[in-house]
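Undergrad: Top line first, the protein sequences correspond to chains A and B. Residue numbers for the first sequence follow my numbering, beginning at 1 and rising by one. Residue numbers for the second sequence follow my numbering, beginning at 285 and rising by one. Glycine is no exception: its CB is placed at the ideal position from the N, C-alpha and C atoms.
Number of protein chains: 2
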Amino acid sequence: MAIIISGKDYVSQHIDSLKTRCGEISKKKVPFMKVILVGANPASLSYVSHKKKLCEKVGAKFEIVEIHPEVEAQDFLKIVDEINKDAEVDGMIIQLPLPSQLKKLDIYNLVLPQKDIDGFHVQNLKDIYENKITESSLIPCTPKGVMKLLDFHKIELKGKDVVVVGRSHIVGKPIFHLMLNRNATVTICHSNTKNLPEICKRADIVVVAVGNSRFYNSSFSHKDQIIIDVGISRDQENKLCGDVDFKELEDCVQALTPVPGGVGPMTVFSLIENLIIATEKKYI
Amino acid sequence: MAIIISGKDYVSQHIDSLKTRCGEISKKKVPFMKVILVGANPASLSYVSHKKKLCEKVGAKFEIVEIHPEVEAQDFLKIVDEINKDAEVDGMIIQLPLPSQLKKLDIYNLVLPQKDIDGFHVQNLKDIYENKITESSLIPCTPKGVMKLLDFHKIELKGKDVVVVGRSHIVGKPIFHLMLNRNATVTICHSNTKNLPEICKRADIVVVAVGNSRFYNSSFSHKDQIIIDVGISRDQENKLCGDVDFKELEDCVQALTPVPGGVGPMTVFSLIENLIIATEKKYI
Chain A
1 MAIIISGKDY VSQHIDSLKT RCGEISKKKV PFMKVILVGA NPASLSYVSH KKKLCEKVGA
61 KFEIVEIHPE VEAQDFLKIV DEINKDAEVD GMIIQLPLPS QLKKLDIYNL VLPQKDIDGF
121 HVQNLKDIYE NKITESSLIP CTPKGVMKLL DFHKIELKGK DVVVVGRSHI VGKPIFHLML
181 NRNATVTICH SNTKNLPEIC KRADIVVVAV GNSRFYNSSF SHKDQIIIDV GISRDQENKL
241 CGDVDFKELE DCVQALTPVP GGVGPMTVFS LIENLIIATE KKYI
Chain B
285 MAIIISGKDY VSQHIDSLKT RCGEISKKKV PFMKVILVGA NPASLSYVSH KKKLCEKVGA
345 KFEIVEIHPE VEAQDFLKIV DEINKDAEVD GMIIQLPLPS QLKKLDIYNL VLPQKDIDGF
405 HVQNLKDIYE NKITESSLIP CTPKGVMKLL DFHKIELKGK DVVVVGRSHI VGKPIFHLML
465 NRNATVTICH SNTKNLPEIC KRADIVVVAV GNSRFYNSSF SHKDQIIIDV GISRDQENKL
525 CGDVDFKELE DCVQALTPVP GGVGPMTVFS LIENLIIATE KKYI
């Protein structure tokens, strides 16, 4: 029976200290995040509601700015710019995905670095790329959450063979750098990778971030492998599931994360932590 | 007998077109680069002289700013700042290595991005990190030169297993991203990697950038492997050599670069090209 690496458990054990930290900074300024939501993609609505819930649970302020899905790029930029300039707002995120007319924008670099609690801006990525992470670095939320989980479970990374499946700006690339900074030997795989099962099979730790329901099965793994499942999608019965075939693997790997209740809650937790960091940087 | 991937040949075949391009922009402004040289490290002096030579060959202006090796950080910053502000200067590089008192500086981000012809500034790395390279991107010189060599020899990267040995800011990390952008499956190895020979042995293409004379031998390679040797050091007889045991491998791999005459000339060529690009961006 594999160890279940639960993000839900992590959050329930750490939420109080986040709340305390939020209370401390709130003596000077209550952290306030705004989420720009273009249209009403059902997955986005669900993510946003999780963020709102945790935000309010720790005592931070949360507001959604709803925008019409056919908004023109220049009007969209005006809204982002106004929030960038609003001194009341400490953190801003642009909820992805965006409609096609906005995809040509330099989307990851629109939010001011100091308000970029998603950690997508190049000025924030610099810290992980250059291996100069400090307490006040704004690290992308899912990768940050993955590292927290690994650390919490005392999983050593130095010298380990790590495979990251997926090379997105949001997950794959930052995880690659975070793992490299911890002295793992890291391979990044993607849609053009040949022999993916073979490459994964020789890894000590695999981070799967593809979005392809339960494709990762025993042909990719071995009994000592640790698997972090970042994927989230719905199966044919509309049930939430990850990239990993949890049922098949839970008895034949060393450890793995469930979906839901694995990486998802860690992403939200890290986002709220980033909001608090952004506020602290401004007011302490 | 392996194919010898010669940088020297590449440069001799492409120098005229670089010269023509330099001539074109010179009608508006003669490209002018300044090199900040702190102290007189013999390797640095040799690199700088290669840069000067090629610069003058294509018709660009070159100037060395020599600085005392015990310069204080604030005085050093003042000099960099003056050159940043000097409208006559189109490109600036800070020759590495630097003495210890300057190592705490954010050295890769001191030169203005538009003059950063080394391509080390985060604003320039953004293009390769985000896979948004254009004709006017300032890409780090050695990685850029490596890609030119591979392209010149029509070496396909898509779906190939590439191993990069070394994770420096100057070579390893940018090469990783450039290879990933070309849809290779990329692994980055370093001093903490276990089983390095085994990992290299399964790669289609290996880029070795360590600086350890001739350590890379047949125990790392196979007959279909392509090897790019970025290392440069001197052996016990004070002879220039790379990381690769060229003599041992030239008969038993598919292709490899020599040292000297391999990647070295490509780095200098790419630097001068970056100088021209920086000038074109300003004046066209």
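Taking Cβ-Cβ distances shorter than 7 Å, what residues in chain B pair up with Asn192(A)?
TA: Translated into positions along the first sequence, residue 192(A) becomes position 192. In chain order: Lys442, Gly443, Asn467.
Undergrad: Using C-beta distances below 8 Å, list every residue in its chain close to Leu569(B), excluding the 5 sequence neighbours before and after it, in chain order.
TA: Outside the displayed span of chain B (285 to 568) sits residue 569(B), for which this structure offers no information.
Undergrad: Please compile the residues from chain A whose C-beta is within a distance smaller than 8 Å of the C-beta of Gln407(B).
TA: Stepping through the second sequence from its first residue, residue 407(B) is reached at position 123. Those within 8 Å of Gln407(B) in chain A are Val122.
Undergrad: Below 9 Å on C-beta distance, what does Ile188(A) contact in chain B?
TA: Taking the first residue of the first sequence as 1, we reach residue 188(A) at position 188. By Cβ distance, chain B contributes Phe460, Leu464, Thr469, Val470, Thr471, Ile472.
Undergrad: What residues in the segment 409 to 420 of chain B have a beta carbon less than 8 Å from any beta carbon of chain A?
TA: Leu409, Lys410, Tyr413, Glu414
Undergrad: Output needed for Val171(A): all residues of its chain with C-beta closer than 6 Å, excluding positions within five of it in sequence on either side, in chain order.
TA: Sequence index remark: in the first sequence, residue 171(A) carries index 171 (1-based). So the list reads Thr142, Ala209, Val230, once near-sequence residues are dropped.
Undergrad: So Ile83(A) and Ile67(A) are supposed to be a Cβ contact under 8 Å. How far apart are they, rounded?
TA: Here residue 83(A) refers to the residue found at position 83 when the first sequence is read from its first residue. Here residue 67(A) refers to the residue found at position 67 when the first sequence is read from its first residue. Not quite, the Cβ-Cβ distance comes to about 11 Å (not below 8 Å), so this is no contact.
Undergrad: Determine, using beta carbons only, whether Ile459(B) and Val430(B) come nearer to each other than 8 Å.
TA: Translated into positions along the second sequence, residue 459(B) becomes position 175. Translated into positions along the second sequence, residue 430(B) becomes position 146. For Ile459(B) and Val430(B), yes; Cβs fall inside 8 Å.
Undergrad: Any idea if His437(B) is buried or exposed, counting beta-carbon neighbours within 10 angstroms, 16 or more meaning buried?
TA: Sequence index remark: in the second sequence, residue 437(B) carries index 153 (1-based). Around the CB of His437(B), fewer than 16 other CB atoms lie within 10 Å, so the residue is classed as exposed.
Undergrad: CA-CA distance, Ala2(A) and Tyr10(A)?
TA: Along the first sequence, one-based indexing puts residue 2(A) at 2. Along the first sequence, one-based indexing puts residue 10(A) at 10. Those two C-alpha atoms are separated by around 17 Å.
Undergrad: Using only CA atoms, which one of Asp243(A), Asp251(A), Pro69(A), Lys126(A) lies nearest to Lys103(A)?
TA: Taking the first sequence and counting its residues from 1, one reaches residue 103(A) at position 103. Looking at the Cα atoms, Pro69(A) is the closest of the given residues.
Undergrad: Let me know the alpha helix (DSSP H) ranges lying completely inside the segment 422 to 488 of chain B, each 4 residues or longer, listed in chain order.
TA: The segment 422 to 488 of chain B is shown to contain whole alpha helix (DSSP H) runs of 4 or more residues at 425 to 436, 456 to 465, 480 to 485, in chain order.
Undergrad: Would you grab the beta carbon distance between Pro217(A) and Leu249(A) for me? Rounded to a whole angstrom, and I think it's under 8 Å.
TA: Numbered from 1 along the first sequence, position 217 holds the residue referred to as residue 217(A). Numbered from 1 along the first sequence, position 249 holds the residue referred to as residue 249(A). A quick correction: the sequence has Asn, not Pro, at residue 217(A). Confirmed, Cβ separation roughly 7 Å.
Undergrad: Looking only at C-alpha atoms, which of Ala562(B), Asp445(B), Ile512(B) sits nearest to Leu396(B)?
TA: To locate residue 396(B), count along the second sequence from 1; it is residue 112. Comparing Cα positions, the closest option is Ala562(B).
Undergrad: Looking only at its own chain, which residues have a Cβ that is under 6 Å from the Cβ of His177(A), when we skip the five neighbours before and after it?
TA: Counting from 1 along the first sequence, the entry for residue 177(A) is found at position 177. Same-chain partners within the cutoff: Ile128, Tyr129.
Undergrad: Quick check: the segment 470 to 481 of chain B against the segment 443 to 454 of chain B, are there 3 or more CB pairs under 8 Å?
TA: Because the criterion of three Cβ pairs below 8 Å is met, the segment 470 to 481 of chain B and the segment 443 to 454 of chain B touch.
Undergrad: Who are the Cβ neighbours of Leu98(A) in its own chain at under 6 Å, not counting the five residues just before and after it?
TA: Within the first sequence, residue 98(A) is the residue found at index 98, counting from 1. Answer for Leu98(A): Val38, listed in chain order.
Undergrad: Evaluate contact between the segment 21 to 30 of chain A and the segment 261 to 281 of chain A, counting only Cβ atoms and requiring at least three cross-stretch pairs below 8 Å.
TA: yes
Undergrad: Can the beta-carbon of Ser221(A) be found closer than 8 Å to that of Cys200(A)?
TA: Against the first sequence, residue 221(A) aligns to sequence position 221. Against the first sequence, residue 200(A) aligns to sequence position 200. Contact: yes.
Undergrad: Can you pull the chain A neighbours of Arg451(B), defined as C-beta to C-beta under 7 Å?
TA: If you number the second sequence from 1, residue 451(B) lands on position 167. Result: Leu180.
Undergrad: Alpha carbons only, please: which of Ser301(B), Leu433(B), Ile511(B), Asp374(B) is nearest the one belonging to Lys399(B)?
TA: Within the second sequence, residue 399(B) is the residue found at index 115, counting from 1. Comparing Cα positions, the closest option is Asp374(B).
Undergrad: Please confirm whether Lys457(B) has its beta-carbon closer than 8 Å to some beta-carbon of chain A.
TA: Locating residue 457(B) in the second sequence gives position 173, where the first residue counts as 1. Chain A contact via Cβ: present.
Undergrad: Of all Cβ atoms in chain A, is any one closer than 8 Å to the Cβ of Ile516(B)?
TA: The residue given as residue 516(B) occupies position 232 in the second sequence. Chain A contact via Cβ: absent.
Undergrad: Following the continuous beta strand (DSSP E) through Lys316(B), name the residue where it begins and the one where it ends.
TA: The residue given as residue 316(B) occupies position 32 in the second sequence. According to the sequence as given, residue 316(B) is Phe; it is not Lys. Segment 316 to 322, the beta strand (DSSP E) holding Phe316(B).
Undergrad: Secondary structure at Asp9(A), three-state DSSP: helix, strand or coil?
TA: On the first sequence, position 9 is the one that residue 9(A) refers to. Here Asp9(A) sits in helix by DSSP.
Undergrad: Could you check what DSSP says for Arg518(B) in three-state terms: helix, strand or coil?
TA: Indexing the second sequence from 1 puts residue 518(B) at position 234. Three-state DSSP puts Arg518(B) in a strand.
Undergrad: Provide the residue span of the beta strand (DSSP E) that contains Lys115(A), from first to last.
TA: Taking the first sequence and counting its residues from 1, one reaches residue 115(A) at position 115. Neither: Lys115(A) is in no beta strand (DSSP E) and is coded neither H nor E.
Undergrad: Say whether chain B places a C-beta atom closer than 8 Å to the C-beta of Ile94(A).
TA: For the purposes of this step, residue 94(A) is identified with residue 94 of the first sequence, where counting begins at 1. Ile94(A) does not count as touching chain B.
Undergrad: Can you list, in chain order, the residues of the segment 195 to 207 of chain A whose Cβ is nearer than 8 Å to any Cβ on chain B?
TA: Answer set for the segment 195 to 207 of chain A: Ile199.
Undergrad: Is Ile276(A) helix, strand or coil by DSSP?
TA: Position 276 of the first sequence, counted from the first residue, corresponds to residue 276(A). Of the three classes helix, strand and coil, the one that applies to Ile276(A) here is helix, per DSSP.
Undergrad: What does the alpha-carbon distance come out to for the pair Val319(B) and Val244(A)?
TA: In the second sequence, the residue the question calls residue 319(B) occupies position 35. In the first sequence, the residue the question calls residue 244(A) occupies position 244. Their backbone Cα atoms lie some 52 Å apart in a straight line.
Undergrad: Thinking just about the alpha-carbon of each residue, which of Lys336(B), Lys341(B), Glu419(B) is nearest to the one in Val349(B)?
TA: Here residue 349(B) is taken as the residue at index 65 of the second sequence, counted from 1. Among Lys336(B), Lys341(B), Glu419(B), the Cα nearest to that of Val349(B) is on Lys336(B).
Undergrad: In this structure, does DSSP put Lys53(A) in helix, strand or coil?
TA: The residue given as residue 53(A) occupies position 53 in the first sequence. Under the three-state reduction of DSSP output, Lys53(A) falls in the helix class.
Undergrad: State the CB to CB distance for the pair Leu441(B) and Gly291(B), rounded to an integer number of angstroms; the pair is presumed to be in contact (CB under 8 Å).
TA: Taking the second sequence and counting its residues from 1, one reaches residue 441(B) at position 157. Taking the second sequence and counting its residues from 1, one reaches residue 291(B) at position 7. The Cβ separation is near 18 Å, so there is no contact.
Undergrad: I'd like to confirm the pairing. Which residues does DSSP put opposite Ala539(B) in its beta bridges?
TA: Residue mapping note: residue 539(B) aligns to position 255 of the second sequence, counting from 1. Per DSSP, Ile287(B), Ile510(B).
Undergrad: For my contact list, Ile205(A) and Lys160(A) are in at a C-beta cut-off of 8 Å; report their separation, rounded to the angstrom.
TA: The sequence position of residue 205(A) within the first sequence is 205, counting from 1. The sequence position of residue 160(A) within the first sequence is 160, counting from 1. Correct: roughly 6 Å between the Cβ atoms.
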